[in-house]
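Top line first, the protein sequences correspond to chains S and B. Quick note, the first sequence lines up with residues 112 to 523 if you use our numbering. Quick note, the second sequence lines up with residues 112 to 523 if you use our numbering. Built from N, CA and C at the ideal position, the CB exists for glycine as well. A short worksheet on the structure shown next.
2 protein chains.
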Amino acid sequence: MAFNMVASHAVWPMENDAIFGLAAKAKEAIDKYGKENVIDSTLGALVDDDGNLICLDTVYSELKSLPNAAIAAYAQVAGQADFLEAVQDACFKEYRPKAYIKAVATPGGTGAVRHSIWNYTEPGDSILVCDWFWSPYVTISEEFGRTVTNYEFFNDKGEFNITSFKEKFESLIDRQKRLVTVLNTPANNPTGYSLSDEEWDEVLDIAKEKAKDPDNKIIFMVDVAYIDYADKDRRKFFAKFSNLPENILILIAYSMSKGYTMYGMRSGAIIGVSSNEEIAKEFYYTCMHANRANWSNGTRGAMSVMTSIAKDPAKRKAYEEEVAKYRTMLKKRANAFVKSAEECGLKILPYRDGFFVSIPCNNAKQLSDELIKEKLFVVALKKGLRFAVCAVSEDKCKIAPAKIKEVMDRYK
Amino acid sequence: MAFNMVASHAVWPMENDAIFGLAAKAKEAIDKYGKENVIDSTLGALVDDDGNLICLDTVYSELKSLPNAAIAAYAQVAGQADFLEAVQDACFKEYRPKAYIKAVATPGGTGAVRHSIWNYTEPGDSILVCDWFWSPYVTISEEFGRTVTNYEFFNDKGEFNITSFKEKFESLIDRQKRLVTVLNTPANNPTGYSLSDEEWDEVLDIAKEKAKDPDNKIIFMVDVAYIDYADKDRRKFFAKFSNLPENILILIAYSMSKGYTMYGMRSGAIIGVSSNEEIAKEFYYTCMHANRANWSNGTRGAMSVMTSIAKDPAKRKAYEEEVAKYRTMLKKRANAFVKSAEECGLKILPYRDGFFVSIPCNNAKQLSDELIKEKLFVVALKKGLRFAVCAVSEDKCKIAPAKIKEVMDRYK
Chain S
112 MAFNMVASHA VWPMENDAIF GLAAKAKEAI DKYGKENVID STLGALVDDD GNLICLDTVY
172 SELKSLPNAA IAAYAQVAGQ ADFLEAVQDA CFKEYRPKAY IKAVATPGGT GAVRHSIWNY
232 TEPGDSILVC DWFWSPYVTI SEEFGRTVTN YEFFNDKGEF NITSFKEKFE SLIDRQKRLV
292 TVLNTPANNP TGYSLSDEEW DEVLDIAKEK AKDPDNKIIF MVDVAYIDYA DKDRRKFFAK
352 FSNLPENILI LIAYSMSKGY TMYGMRSGAI IGVSSNEEIA KEFYYTCMHA NRANWSNGTR
412 GAMSVMTSIA KDPAKRKAYE EEVAKYRTML KKRANAFVKS AEECGLKILP YRDGFFVSIP
472 CNNAKQLSDE LIKEKLFVVA LKKGLRFAVC AVSEDKCKIA PAKIKEVMDR YK
Chain B
112 MAFNMVASHA VWPMENDAIF GLAAKAKEAI DKYGKENVID STLGALVDDD GNLICLDTVY
172 SELKSLPNAA IAAYAQVAGQ ADFLEAVQDA CFKEYRPKAY IKAVATPGGT GAVRHSIWNY
232 TEPGDSILVC DWFWSPYVTI SEEFGRTVTN YEFFNDKGEF NITSFKEKFE SLIDRQKRLV
292 TVLNTPANNP TGYSLSDEEW DEVLDIAKEK AKDPDNKIIF MVDVAYIDYA DKDRRKFFAK
352 FSNLPENILI LIAYSMSKGY TMYGMRSGAI IGVSSNEEIA KEFYYTCMHA NRANWSNGTR
412 GAMSVMTSIA KDPAKRKAYE EEVAKYRTML KKRANAFVKS AEECGLKILP YRDGFFVSIP
472 CNNAKQLSDE LIKEKLFVVA LKKGLRFAVC AVSEDKCKIA PAKIKEVMDR YK
């Protein structure tokens, strides 16, 4: 091509999404060899033991029984008022922080991450993200002319690396005076790690120290996409967001994709938590403007489903029981994987909750390619392999670690 | 507030959407005085004579009969392959241009407009829009640090003002060497105007002249949000996008909001049309990157509905007949409004197709406020009033012009 029609900031490699590509290959293998002979651990969606996407009955029977107008009508730009209440309850449950809190509807968690980075950083700023991360954090940052700085998520003992966090956090805030830090916890994608309450205290103490300089603007983007599959007490950290200094703002990316199995409905929210009423208000109007300027308003039917379920105690109970059933299923699968890994000596990162387990290695792409020959499909990351326990039956979770170990040993 | 937490480019007035606010007032009046006594012409959605939102049966019976997984699953980042074919057919029908054409799914037409402005202009650029415009064009431009330049849509004779278009187009392209021009036609919001085929020729001739300079990059964003309510031959202009110079790129914002009454489902597409295969490819990958970085992927259920209907001749026929029924209803209402306006001497802009009629005046806000007292709710624009025939029965469309004229005369 002799020239670009797109503007200088909008030239990108002409490539397709790697994970979707791998998932397509896995599907081909299933068609060829039969699903009993293939382990497809690619996509981050909950799948039953027969390989079918799990769609919560309580959610879809509600969606399909809504009056058409509750799906068809435009939502308010910021989201329906009752949804914006319900989504805060769904997120915080009994651990709502004592603070000024506002919410704005977004398409999934992605919309919330996007709003955080666009609205709370200056062009050229660097965003702080750990070195085991969901790759769209980088895509989003780069799209808007921002960069990403990584700290090491784990130290040599396999514990949360507070030293690395502190070093990078302090050098970035000193240089930029404004910093968005992404924390994808609990049930981190791709590792399944969840910060403990003590680790949260350490993180917030470091931030509070830096908040003593009133020129510093400290923003935490807490991505809780997988929170509904974490243990109940994994929400306790929310209460720590009470009474923070005014120049620490908490943004929470809440997604209906996983907790409501509504991946394709594109619904979620960004929730802003501040000790200062005006900062919370500014958050609301800035995100509303960004909504109008990017996608206009959110998916009304998904909002209707959440509020209908929230308002009806019987529906709510049924929904929560259905989620709990799959949370248990997921836990069994993950336990099986972790136990087998231990037995065969496969080193994995500390798993706590959620859809994924990660296996550190230096040659992830090579191993992923080799594992395809073994009919095991696993996503290659920069620092290792991501195994999606959400997508693989307990039986297969038991046998997968030994297969991975065997191929790793072959390429040592 | 002593300081902003948001970045400097993300500070916006703390205000709610004016149209939604007026719609809420109209609803209050209906509750108080009864719907037969109120004319609510605020929202741009098709409403039946009883004031209920029209939700196409053929669309919602299809949505509700889809397997849950066809709603629940993530869509591909660029959109499902069969949807991207179907949406081109839905847009062009028999007037598909001979060119390289690619489509990418977006949340409604807004997502497509947003991608056009973000990807095809440089920071600080000005976008060309006529002076009767959908206000989010400005919201979107400002969000991204772009400005809007207006040309006059109509000359003194009430015809399309090609002289004003030419003057502004040429001065902007000479200065910027890159220009995104928005054309919201057919069935313009807010005027109901549709460019004739001859007017399209004049516009394209002006562009082709400027395209002789190979350094000029000329982009037309054609917003066809209301096209399914325009006459059949209003699609003819699409064929003019065949064999354009390589430095003229056509982007089309197609929305499922109106044609499928799926406002709240947030589905549409941006369609790129170029004589150069590489430019079309660049368009596709740039918009795919922007999808990933803003909302990840589109609403799967809406895509499923469009493709299911497109693939089944009986469903397609039923859908088209249902739309045609409402197109006729709309035409009757608009004809009633235009005829009454003529009879009472209310000056309106030339209406051709679509949801709205506009009434030019200098004191729109004052008139809109006064009309509220008459229980007539109509949106105030900078240059006049917007009356939504889509939302008002034929009987009320007959009586509204005289009411408006009366109040206008009072404040002359």
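- Message: Taking 8 angstroms as the threshold (beta carbon to beta carbon), is S:S227 in contact with chain B?
- Response: no
- If you follow the beta strand (DSSP E) that B:M332 is part of, which residue opens it and which one closes it? 328-334
- Message: So the candidates are S:R463, S:D464, S:V449; which of them puts its Cα closest to the Cα of S:L457?
- Response: S:V449
- Task: Using the Cα positions of S:M125 and B:T397, report the straight-line distance between them to the nearest angstrom.
- Result: 8 angstroms
- Is there a Cβ from chain B that is less than 8 angstroms from the Cβ of S:V117? yes
- Candidates B:D128, B:K426, B:V293: closest to B:S176 by CA position: B:K426
- Rounded C-beta distance between B:V259 and B:V240? I'm assuming under 8 angstroms. 5 angstroms
- Message: Report the start-end ranges of each alpha helix (DSSP H) in the segment 356-421 of chain B that is 4 residues or longer and not cut off at the edges.
- Response: 388-405
- Item | Close-in-space but distant-in-sequence residues of the same chain around B:T169 (CB under 6 angstroms, 5 per side omitted) | A429, Y430, E433
- Item | Residues from the segment 188-204 of chain S in contact with chain B, defined by Cβ distance under 7 angstroms | V188
- Task: Grab me the residues of B:E263's own chain with a C-beta within less than 6 angstroms of its C-beta, minus the 5 sequence neighbours each way, in chain order.
- Result: D242, N272, S275
- Query: Residues of chain B with CB under 7 angstroms from S:W123, in chain order?
  - Reply: Y396, T397, H400
- Query: Between B:L460 and B:Y206, what straight-line distance do the alpha-carbon atoms span, to the nearest angstrom?
  - Reply: 28 angstroms
- Query: Which same chain residues, not among the five before or five after S:N354, have their C-beta less than 8 angstroms away from its C-beta?
  - Reply: K209, A210, S386
- Task: Could you check what DSSP says for S:C241 in three-state terms: helix, strand or coil?
- Result: strand
- Message: Using CA atoms only, rank isn't needed, just tell me which of B:F280, B:E393, B:G383 is closest to S:F114.
- Response: B:E393
- Note down, in chain order, every chain B residue with its Cβ under 7 angstroms from the Cβ of S:M373. A183
- Is it right to say S:S530 is buried, meaning 16 or more other beta carbons lie within 10 angstroms of its own, or is it exposed? An answer regarding residue 530 of chain S cannot be provided, because it is not within the stretch 112 to 523 covered by chain S.
- Task: Could you name the residues that DSSP lists as bridge partners for B:P471?
- Result: B:G495
- Query: chain S partners of B:M376, CB-CB under 8 angstroms?
  - Reply: I182, A183, T410, R411, G412
- Measure the alpha-carbon distance for B:M414 versus B:T372 and round it to whole angstroms. 13 angstroms
- Query: What alpha helix (DSSP H) runs, 4 residues minimum, are completely inside the segment 213-263 of chain S?
  - Reply: 219-231, 247-254
- Message: Would B:A463 and B:V500 qualify as a contact pair, given that the criterion is a beta-carbon distance under 8 angstroms?
- Response: Note that residue 463 of chain B is Arg in the sequence shown, not Ala. Not closer than 8 angstroms, so no.
- Query: Buried or exposed: where does S:D411 fall if 16 or more other Cβ atoms within 10 Å of its Cβ makes it buried?
  - Reply: Going by the sequence as given, residue 411 of chain S is Arg instead of Asp. Answer is buried; the Cβ neighbour count reaches 16.
- Task: Please look up how many angstroms separate the CB atoms of S:I141 and S:D128, rounded, as I've assumed it's under 8 angstroms.
- Result: Contact flag wrong, Cβ pair sits at about 19 angstroms.
- Item | Where B:C166 meets chain S, residues with beta-carbon distance less than 8 angstroms | N179, A180, I182, A183
- Query: Given a threshold of 16 other Cβ atoms within 10 Å of its Cβ, counted over all protein chains shown, does B:Y185 qualify as buried or as exposed?
  - Reply: buried
- Query: Taking buried to mean at least 16 other C-beta atoms within 10 Å of its own C-beta, is S:R286 buried or exposed?
  - Reply: exposed
- Query: Since S:E296 is in the alpha helix (DSSP H), which residue starts that stretch and which ends it?
  - Reply: Before going on, a small fix: residue 296 of chain S reads as Thr here, not Glu. Taken as a continuous stretch (DSSP letters only), S:T296 belongs to no alpha helix (DSSP H), as it is neither H nor E.
- Item | As assigned by DSSP and simplified to three states, the class of B:S152 | strand
- Chain-ordered neighbours of S:R403 on chain B, where CB pairs are closer than 9 angstroms: D128, T221, P247, T250, I251, E254
- Task: With a threshold of 16 other CB atoms inside 10 Å of the CB of S:E388, please say whether the residue is buried or exposed.
- Result: exposed
- Taking just the CA atoms, how far does S:V416 sit from B:L167? 20 angstroms
- In DSSP terms, what B:L290 is bridged to: B:I329
- Query: Under a Cβ-count criterion, where at least 16 other Cβ atoms within 10 Å of its own Cβ denotes burial, should B:L339 be classed as buried or exposed?
  - Reply: A quick correction: the sequence has Asp, not Leu, at residue 339 of chain B. So B:D339 ends up on the buried side.
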